[in-house]
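Number of protein chains: 2
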Amino acid sequence: MDATDIDQSELFSATSWQQRSGGPRYLQLYRHIQAAIKDGRLAVTTSLPAERELASLTGLSRVTVRKAMSQLVADGLVVQRRGSGSFVAPQMKRMEQSLSALTSFTEDMQRRGKTSSSETLSCGIYLPSPEEIVALGLTSDVQVSRITRLRRADGVPLAIETSTLSTEFVPDPNRIETSLYEELSQEGIRPSRAIQRISACNLSEDQAALLEVSEGDAALLIDRTAYLSSGRAIELTSGVYRGDIYDFVAELRNA
Amino acid sequence: MDATDIDQSELFSATSWQQRSGGPRYLQLYRHIQAAIKDGRLAVTTSLPAERELASLTGLSRVTVRKAMSQLVADGLVVQRRGSGSFVAPQMKRMEQSLSALTSFTEDMQRRGKTSSSETLSCGIYLPSPEEIVALGLTSDVQVSRITRLRRADGVPLAIETSTLSTEFVPDPNRIETSLYEELSQEGIRPSRAIQRISACNLSEDQAALLEVSEGDAALLIDRTAYLSSGRAIELTSGVYRGDIYDFVAELRNA
DNA sequence: GAGTGGTCTAGACCACGGG
DNA sequence: CCGTGGTCTAGACCACTCT
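Taken in sequence, the protein lines are chains A and B. As numbered in the working numbering, the first sequence has no gaps in its residue numbers, which increase by one up to the final residue, 1164. As numbered in the working numbering, the second sequence has no gaps in its residue numbers, which increase by one up to the final residue, 1164.
If you want it as structure tokens, here you go:
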């Protein structure tokens, strides 16, 4: 019963964050706590209310609270210790594991201390190309969601990215807001491995116009295939990054 | 009600897979279904019993069945469609392993099944540049060996690489034959870790001539700092790779 | 012993898909 | 329409940690 408990009661018992049509309640609670952690209203290593207390504060059942908590744990934002409690995870890890970590563009930019935004150039459901069938291990009768976006960092055009996923995972590409990985995460899906192939190319006239550089300027061509822990391919992303202001950092190791 | 239902009833209703101390029941069910899918007892695209049916077959509650199913979905082994049912997802091949290994150019080419050769463009002992002092953690009174080489794969010019090491490790750069890492290895020195920064640039006239391409063509700019297991920086290599025929492959991981 | 997270149940309503 | 998965509840027992 320390002073922070009072603030936490206000944070959670207030029904202000409950929306009638904001989707499932466990997602609303998840997003609410996620936001509170990310903007510092919940400091690191502070303990969260116990699940039962959280349930009574929010007026939800403990099962629903647990579903929200389990997502926070999966995201690495919260650590739970049986018999002890739930705590906001130290986020220093983000910097340490930052090198060969599997991150989305949005997370990548956050790590570099830049604000990311994106503009959807095209978006829809298509029949997979032969390469996509091979890379994603699809059968020819399924369809894929494909979205092409212009990515900006601090407002500066940085990359053109095209992501392709089976409609099994993303039935409606129009729902994707800023972060594809965040969208997947809310469905309980998170890639665990990815292979990136990095090459260099000269920009076409159209690409250069979008990126606000000159035709023929050098760019990084990054093809990424992401896999679930089961080994199944889930995402195929092909991106063209401005070579003058973007660099890809990788860590190499011996055994 | 097709023939597969009979097999599935036997698969699930049999209590043979239930162990008293096999851990949580949802995990036992998860592992049981996972094994059945992986060894083909449950063929791809076949439908699984409905969750309620599975619950009554196994004698578990639907919540527990759902917890097992949600893990299978997260693994990509099962796809669920609301209003329709649960299906075994098409499986994918296992991943190739252990990319992002720390290798020299020579080893890299061997892995790709190409013969490597190199031509020394310049070679000598110099005073370190400010960047080299910072990157290698040198004091200003030591000198460095620097060697610039044109690298070929199957006789085709592929990259221009400049390597810098303290003279403590390489007292005489002229002794280096083809592989710098092989040379170091003979002295019992082997980097255990490296950080690579990959960017893109347009080739200058001189670079293009050496690589036998056109001026302005896109190239990969790869800066690598290699470290000993003690954490001490040992090697700084800066290379320009032809973007049209070389690609860098990296593996990214979560956790 | 009191409190915590981890597991589990039985039952309910909703939103969606297909016959 | 009926069956499906998606959400939610109230209550229970266990294993663990801390004091």
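Beta carbons: idealized from backbone N, C-alpha and C, even for Gly.
| Item | Value |
| --- | --- |
| Closer than 7 angstroms between beta carbons: that is the criterion. Which residues of the stretch 1106 to 1129 of chain B meet it against chain A? | R1106, I1107, S1108, A1109, C1110, N1111, G1125, D1126, A1127, A1128, L1129 |
| According to the Cβ coordinates, are B:A1127 and A:C1110 closer than 7 angstroms? | yes |
| In the DSSP assignment, what residue or residues form a beta bridge with A:Y1035? | A:V1053 |
| Mapping the DSSP letters down to three states, classify A:T955 as helix, strand or coil. | coil |
| Mind checking which residues open and close the beta strand (DSSP E) that includes B:E1160? | 1157 to 1162 |
| Buried or exposed, going by whether 16 or more other CB atoms sit within 10 Å of the CB of A:S1049? | exposed |
| Determine, for A:R1102, whether the minimum Cβ-Cβ distance to residues of chain B falls below 7 angstroms. | yes |
| Is B:D984 buried or exposed, if buried means 16 or more other CB atoms sit within 10 Å of its CB? | buried |
| Pull up the distance between the alpha-carbon of A:S930 and that of B:L938, whole angstroms please. | 35 angstroms |
| Thinking just about the alpha-carbon of each residue, which of B:V953, B:S995, B:P933 is nearest to the one in B:R961? | B:S995 |
| How about A:F1014 and A:L966: do their beta carbons lie closer than 7 angstroms? | no |
| Over the uninterrupted beta strand (DSSP E) stretch that includes B:R907, give me the two end residues. | No statement about residue 907 of chain B is possible, as the shown extent of chain B runs from 910 to 1164 and does not include it. |
| Helix, strand or coil: which one does DSSP assign to A:T1024? | coil |
| Can you find a C-beta in chain B that's less than 7 angstroms from the C-beta of A:S1156? | Note that residue 1156 of chain A is Asp in the sequence shown here, rather than Ser. Cβ-Cβ to chain B under 7 angstroms: yes for A:D1156. |
| I'd like the list of long-range same chain contacts for B:P1066, defined as Cβ closer than 7 angstroms, with 5 residues on each side in sequence excluded. | L1059, L1119, L1120, E1121 |
| Run through DSSP, which three-state label would B:F921 get? | helix |
| Does the CB of B:G1064 have a neighbour CB from chain A at under 7 angstroms? | no |
| Per DSSP, what are the beta-bridge partners of B:R1058 in this structure? | B:T1029, B:E1070 |
| Would you say B:A1068 reaches chain A, if we count a Cβ-Cβ gap shorter than 7 angstroms as a contact? | no |
| Ordered along the chain, which non-local residues of its own chain (more than five positions away) have a Cβ less than 7 angstroms from that of B:L1036? | Q1052 |
| Indicate whether A:D1132 and A:R1102 have their beta-carbon atoms separated by less than 7 angstroms. | no |
| Once DSSP output is grouped into helix, strand and coil, what is the label at A:R1151? | strand |
| Does the distance from the CB of B:S1072 to the CB of B:I1098 come in under 7 angstroms? | no |
| Kindly say whether A:S1139, judged by its beta-carbon, lies nearer than 7 angstroms to any beta-carbon of chain B. | yes |
| Look at the Cβ atom of B:L1130, then the Cβ atom of B:V1149, and state whether they are nearer than 7 angstroms. | yes |
| Can you have a look at B:G1022 and say buried or exposed, based on whether 16 or more other CB atoms are within 10 angstroms of its CB? | exposed |
| If you count every other CB in all the chains shown that lies within 10 Å of the CB of A:G968, and 16 or more means buried, which is it? | exposed |
| Could you tell me which of A:R940, A:R990, A:A1068 sits nearest to A:L1030, measuring between CA atoms? | A:A1068 |
| Using a C-beta cutoff of 7 angstroms, does A:R1162 count as contacting chain B? | yes |
| Can you tell me the Cα-Cα spacing of B:A1117 and B:E1124, whole angstroms? | 5 angstroms |
| So, helix, strand or coil for B:E1016, using DSSP? | helix |
| If we ignore side chains and look at the alpha-carbon of each, how far apart do A:E1091 and A:Y1136 end up? | 16 angstroms |
| Which stretch, first to last residue, makes up the beta strand (DSSP E) that contains B:S1094? | Looking at the DSSP string, B:S1094 is not in any beta strand (DSSP E); the run it does join, the alpha helix (DSSP H), is 1089 to 1095. |
| Out of B:L981, B:L957, B:T973, B:V1043, which one is the CA nearest neighbour of B:S993? | B:L957 |
| Evaluate A:A952 with the Cβ neighbour count: other Cβ atoms within 10 Å of its Cβ, from every protein chain shown; 16 or more gives buried, anything less gives exposed. | exposed |
| Looking at B:L1045 and B:A1159, is the spacing between their C-beta atoms short of 7 angstroms? | no |
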